[in-house]
Each structure stands twice: as structure tokens, then as C-alpha cells.
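**Student:** Sharing a structure, written as C-alpha cells. Questions coming.
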Amino acid sequence: MQGIDTLMRRHADDPAALGPALGALFHEWDHAADAGYWELPAGRHPAFQRHGIQELGFERSRREPEWSAACRVAGRQAEVDLPSLNIGGWYDIFCQGTLENFVESRAAGRPATLIMGPWAHTNSAGQIGDMNFGMAASANLLGFRGPLADVQTAWFRKWLTPDADAAPSGPELPPVLLFVMGKNEWREEQEWPLARAVDKDLFLRADGALAFELPQGDEGVDTYVYDPADPVPTTGGATLMSSEYRPGPLDQTRVEAREDVLVYTTEPLVEDLEVTGRVRAFLHAATDAPSTDWVVRLCDVDPEGVSLNVVDGIVRMETTTAEFAEHAVDLWSTSYVFRAGHRLRVHVTSSSFPRWDRNLNTGEPVDSGTDFRPARQQIAHDAARPSRLVLPVVGS
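Counting in my numbering, the sequence shown runs from 137 upward without gaps.
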């Protein structure tokens, strides 16, 4: 999209060249889903070179990590002596960064406010993906606190009006305003993360079971083959991609039917279960490839059997041995109530493409790798190797 302006300036004096140049660039955009995302190498996108346009910094950040570090605020919030209003969504590609900016700014003693809705990066309505969270979920209402634009305006007036006492009044905000999905309500909090959230282990078990009880014996090993030529298609989540890939909670039927996706499901819940905070997974896994990825996804399954994604994450690993090792996977954060009668479900796989670039299973650098091979993947879930999720559970 930035390249459009580049080409218009480049061919400003040559209208005959401008049309074909823009047409070729539009073709790249229109065919990102079936062509562009699939091009290799993934770390140096060929489309930029074909059209002689600048990328926005990703490739440079890989070439010059010191330049990237100089641009980042992460870990340096204490250097920013300013108040901040942090606004994000549970299905926003910047979800975790928004939360961490708030946490680190508060830790540095800076005034900080946090609003997290059931939104994606470009969708702050009450409907996202296959879920309607209600009219009050919209940024136009914020649970009837008023439009987000009014909240922002009042916040700017508070901090930018020289005489704060004379500043126009507006909606008062708590330190933290969260939308709790599943329960579908806004809730005011004084902190993030919530001190009252208690970590609870949820264990992968034999025969596709998922339980809060630790395995007591040898429950065997689950296996699948991950082939980069046929990756698991991205279906919802915290994404910002071409229109073929909608963000948010989506029906996972197509994903769960694949042979390269392991599926584990609890019994129906007897009471509501609130998960608010950062979700993590610890997999005891093995591969016959020198490099591969592990993807973990948490879903909510309703009484009719519809499975919707809540959070997911990925970790890339390299190894010189086919032995089992424990791998930590960060699924980022959420605030979600799994209702009584619903079931929790966990996917374990090795891709979600094109949200994340395919691991080619060869160990080649992402900037130059073009060859790929299948990998045989193993997941253990026994007493000695307890693969599990860690859920931040909030009591009623």
C-alpha cells in the first residue's frame, strides 16, 4: 500500500508507465492469499524487489538488529516521562505489546490507563469473526460509557490543558477497563495482570482428553507429520492480513479435521471458568527435523459442538537431536469466561499459515531458505513429561 505512493511519484512525468506499474502492484495485493504469502524466502519478500519499493522495516530489522532495538519502546518505558492511554483488543496483532506497555509504564511510575475490548486491529465493533459480543462491546458505546473518541478527547484534555481544573469534564476511566468475553461485559479493574488470578494446569491426556488432573502413568505419545507444502491454514486469531483471512473467533471445524492437528478436549464444565491473563503452554515434544515450529491454540466448544479459537501462540526451535525436550509457548493474553456446559479444547500442530511463515524443517536461514521437507512430530503427555497449558483462572 505504501508502494502506491512510491510508484505515483516515480512515474509522475510518465503516465503511460504509471498505469501498468500500478496494475502490477495491485495484482500482488489481490493475489497475496494464493501467491504472495507462499513465496520464498519468507524473510526477504520478493515482491518488494520486483517493484523497487521499500518495505516498512521488517527486513532491515533482521539485517540490523541494533537499528531495530533503537526504534523499540519495549523495555525502555522508564525513559518515556509521559502519561499513556493504551487501547487494544484481544484479537489485535498488537494485543500483548499493548498490555506490556501499560504494565511497564505503571512499573516506572508513569500515569497509564488500559482499555481492552473484544476487537481486532481494524475492527472495534461488537461483531468480530463468528461471534457477536453485543452492542455494548462496540467502541462506539464502551458499555454505555460513551464513544471511544469522547473518552480519548477527555483524556487528552486532562493531560494537555494547562489548567487541569478548568479542563472540560469527560468520562472518568478506571486504571483498567476490560471486556470479559463469554460473559460479554465490561469490567473495571485497578491493575493488570490481576493479582487474584491463580495459575491452573490443564494437562494433555491420552485419547484426545484434556483434564486438570496430572497423568499418573505412561499415556503414550501422539504423532503427526508436518509438511510445509501443506500447512495448516490460518483460521481467525489476532491477525491483520488480506481479506481472505478474517481475524477473531472462527469455527475451527476445518482445522480440527486435519491429520496434522492434535486435538484435546475436556469434559463439559460444571460451572463457569474465567481465564483472564497470559496463557502459556509447555510441550514435551520431539521432531526428526533440525528446526521446526510448535503451535498451541486454546478454543471454546459450545454444547452444539462449535469450536471457536480464543488464543494461540507459536515457538520456533532448533535441535541437533530427536530426543524429547520441553518447549514453552506463549499464547498471549485474554479475558474469557468458558460457560458451564462448554468444553475447553487445545490444538497442537506446527503451522498456522500465512499468519506465521512456514518453518521449512531444514534449518536454513529464513532470509535465504527455499527448500523444505516434512517432519515427524511427537508430543508426550505422561507423568514424567506432562505437556500442559497454564491458565490464569479468576474465581467468582
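We treat Cβ as the ideally placed atom computed from N, Cα and C, and that holds for glycine.
1. What are the start and end residues of each continuous beta strand (DSSP E) run of 3 or more residues lying completely inside the segment 437–494, in chain order?
2. Per DSSP, what are the beta-bridge partners of residue 370 in this structure?
3. Please specify which runs of the alpha helix (DSSP H), each continuous and at least 4 residues long, are wholly inside the segment 387–445, giving them in chain order.
4. Keeping to the same chain, check which residues put their C-beta closer than 6 angstroms to that of residue 502; ignore five residues upstream and five downstream.
5. Pair every Cβ in the segment 280–295 with every Cβ in the segment 438–446, then say whether three or more of these pairs are closer than 8 angstroms.
6. With H, G and I counted as helix, E and B as strand and the rest as coil, what does DSSP make of residue 249?
7. Would residue 373 and residue 227 qualify as a contact pair, given that the criterion is a beta-carbon distance under 8 angstroms?
8. Along the chain, which unbroken stretches of the beta strand (DSSP E) at least 3 residues long are found entirely within the segment 191–260?
9. The beta strand (DSSP E) with residue 189 in it runs from where to where?
10. Buried or exposed for residue 167, going by 16 or more other Cβ atoms inside 10 Å?
11. Taking DSSP as the reference, what is the three-state secondary structure of residue 528?
12. With which residues is residue 336 paired in a DSSP beta bridge?
13. Hey, out of 506, 261, 280, whose CA is closest to residue 274's CA?
14. Please report how far the alpha carbon of residue 453 lies from the alpha carbon of residue 484, in whole angstroms.
15. In terms of residues, what are the limits of the beta strand (DSSP E) holding residue 324?
16. Can you name the start and end residues of the alpha helix (DSSP H) that residue 287 belongs to?
17. Is the segment 361–369 close to the segment 391–401, with three or more CB pairs under 8 angstroms?
18. So, using beta-carbon positions, are residue 157 and residue 147 closer together than 8 angstroms?
19. Let me know the secondary structure DSSP gives residue 381 once reduced to three states.
20. Near residue 355, what residues of its chain come up, given a Cβ to Cβ distance below 7 angstroms and the 5 sequence neighbours on each side ignored?
21. Indicate the three-state DSSP secondary structure (helix, strand or coil) for residue 158 in the structure shown.
22. Is the CB-CB distance between residue 327 and residue 310 below 8 angstroms?
23. Using a Cβ distance threshold of 8 angstroms, determine whether the segment 518–529 contacts the segment 329–349, with at least three qualifying pairs required.
24. Am I right that residue 448 and residue 416 are in contact with their C-beta atoms under 8 angstroms? What's the rounded C-beta distance?
25. Within the 8 angstroms Cβ cut-off, does residue 406 reach chain D?
26. According to DSSP, is residue 315 helix, strand or coil?
27. For residue 358, count neighbouring C-beta atoms within 10 Å of its own C-beta (all shown protein chains included) and say buried if the count is 16 or more, exposed if not.
28. State the DSSP-derived secondary structure class of residue 513, mapped to helix, strand or coil.
29. In this structure, how does DSSP classify residue 144 when only helix, strand and coil are distinguished?
30. CB-CB under 6 angstroms to residue 244, same chain, minus the five flanking residues each way: which ones, in chain order?
31. In whole angstroms, what is the alpha-carbon distance linking residue 381 and residue 412?
32. Helix, strand or coil: how does DSSP classify residue 271 here?
33. What span of residues does the beta strand (DSSP E) with residue 173 cover, start to end?
34. If you draw a straight line from the alpha carbon of residue 474 to that of residue 499, how long is it in whole angstroms?
35. Please state whether the Cβ-Cβ distance between residue 455 and residue 423 is less than 8 angstroms.
36. Going by beta-carbon coordinates alone, are residue 469 and residue 232 separated by less than 8 angstroms?
**Tutor:** According to the structure data:
1. Listed in chain order, the complete beta strand (DSSP E) runs (minimum 3 residues) inside the segment 437–494 are 443–454, 461–474, 479–485.
2. Within the sequence shown, residue 370 is the residue found at index 234, counting from 1. For residue 370, which the question treats as bridged, DSSP gives no partner whatsoever.
3. Whole alpha helix (DSSP H) segments, 4+ residues: 389–392.
4. Locating residue 502 in the sequence shown gives position 366, counting from the first residue. Excluding sequence neighbours, residue 502 sits near 178, 179.
5. With a cut-off of 8 angstroms on Cβ pairs, the segment 280–295 is not in contact with the segment 438–446, counting fewer than three such pairs.
6. By 1-based counting over the sequence shown, the position of residue 249 is 113. The answer is strand: DSSP assigns residue 249 an E or B state.
7. The count along the sequence shown starts at 1 and reaches residue 373 at position 237. The count along the sequence shown starts at 1 and reaches residue 227 at position 91. In this structure, residue 227 lies closer than 8 angstroms to residue 373 by Cβ.
8. Runs found: 220–227, 248–256.
9. Counting from one through the sequence shown, the residue named residue 189 turns up at place 53. Following the DSSP letters along the chain, one finds residue 189 in no beta strand (DSSP E), marked with neither H nor E.
10. Here residue 167 corresponds to residue number 31 of the sequence shown, with the count starting at 1. Taking a 10 Å sphere around the C-beta of residue 167, we find fewer than 16 other C-beta atoms and assign the residue as exposed.
11. Within the sequence shown, numbered from 1, the residue matching residue 528 stands at position 392. The answer is strand: DSSP assigns residue 528 an E or B state.
12. By 1-based counting over the sequence shown, the position of residue 336 is 200. Bridge partners of residue 336: 527.
13. Position 138 of the sequence shown, counted from the first residue, corresponds to residue 274. Of 506, 261, 280, the residue nearest in Cα terms is 261.
14. Sequence index remark: in the sequence shown, residue 453 carries index 317 (1-based). Sequence index remark: in the sequence shown, residue 484 carries index 348 (1-based). Looking at the two C-alpha atoms, the distance is approximately 15 angstroms.
15. In the sequence shown, counting from the first residue as 1, residue 324 sits at position 188. From DSSP, the beta strand (DSSP E) with residue 324 extends over 321–325.
16. Reading the sequence shown from its first residue, position 151 is the one you call residue 287. Bounds of the alpha helix (DSSP H) holding residue 287 are 284–296.
17. The answer is yes - the segment 391–401 touches the segment 361–369, with three or more Cβ pairs under 8 angstroms.
18. Within the sequence shown, numbered from 1, the residue matching residue 157 stands at position 21. Within the sequence shown, numbered from 1, the residue matching residue 147 stands at position 11. Yes, the pair counts as a contact, with Cβ atoms nearer than the cut-off.
19. Taking the sequence shown and counting its residues from 1, one reaches residue 381 at position 245. Collapsing the DSSP output to three states places residue 381 in coil.
20. Translated into positions along the sequence shown, residue 355 becomes position 219. These residues qualify, in order along the chain: 341, 342, 517, 518.
21. Taking the sequence shown and counting its residues from 1, one reaches residue 158 at position 22. Here residue 158 sits in helix by DSSP.
22. Along the sequence shown, one-based indexing puts residue 327 at 191. Along the sequence shown, one-based indexing puts residue 310 at 174. Going by C-beta atoms, residue 327 is not nearer than 8 angstroms to residue 310.
23. Below 8 angstroms, enough C-beta pairs join the segment 518–529 and the segment 329–349 to call them touching: three or more.
24. Position 312 of the sequence shown, counted from the first residue, corresponds to residue 448. Position 280 of the sequence shown, counted from the first residue, corresponds to residue 416. In this structure residue 448 does not touch residue 416 by the C-beta definition: roughly 12 angstroms separates them, more than the 8 angstroms allowed.
25. Included in the structure is just one protein chain, with no chain D present.
26. Position 179 of the sequence shown holds residue 315. In this structure, residue 315 counts as strand in the three-state DSSP scheme.
27. For this step, residue 358 is matched to residue 222 along the sequence shown. Answer is buried; the Cβ neighbour count reaches 16.
28. In the sequence shown, the residue the question calls residue 513 occupies position 377. Looking at residue 513 - three-state DSSP - the assignment turns out to be strand.
29. The residue you call residue 144 lines up with position 8 of the sequence shown. Per DSSP, reduced to three states, the secondary structure at residue 144 is helical.
30. Locating residue 244 in the sequence shown gives position 108, where the first residue counts as 1. Contacts found: 213, 214.
31. Position 245 of the sequence shown holds residue 381. Position 276 of the sequence shown holds residue 412. Taking C-alpha positions only, residue 381 is separated from residue 412 by approximately 26 angstroms.
32. Indexing the sequence shown from 1 puts residue 271 at position 135. Residue 271: helix per DSSP, three-state reduction.
33. As a working mapping, residue 173 is identified with position 37 in the sequence shown. Note, residue 173: premise wrong, no beta strand (DSSP E); not H, not E.
34. Residue mapping note: residue 474 aligns to position 338 of the sequence shown, counting from 1. Residue mapping note: residue 499 aligns to position 363 of the sequence shown, counting from 1. If I take the Cα positions, the gap works out to 39 angstroms.
35. Numbered from its first residue, the sequence shown carries residue 455 at position 319. Numbered from its first residue, the sequence shown carries residue 423 at position 287. In contact: residue 455 and residue 423 (Cβ atoms closer than 8 angstroms).
36. By 1-based counting over the sequence shown, the position of residue 469 is 333. By 1-based counting over the sequence shown, the position of residue 232 is 96. Between residue 469 and residue 232, the C-beta spacing is below 8 angstroms.
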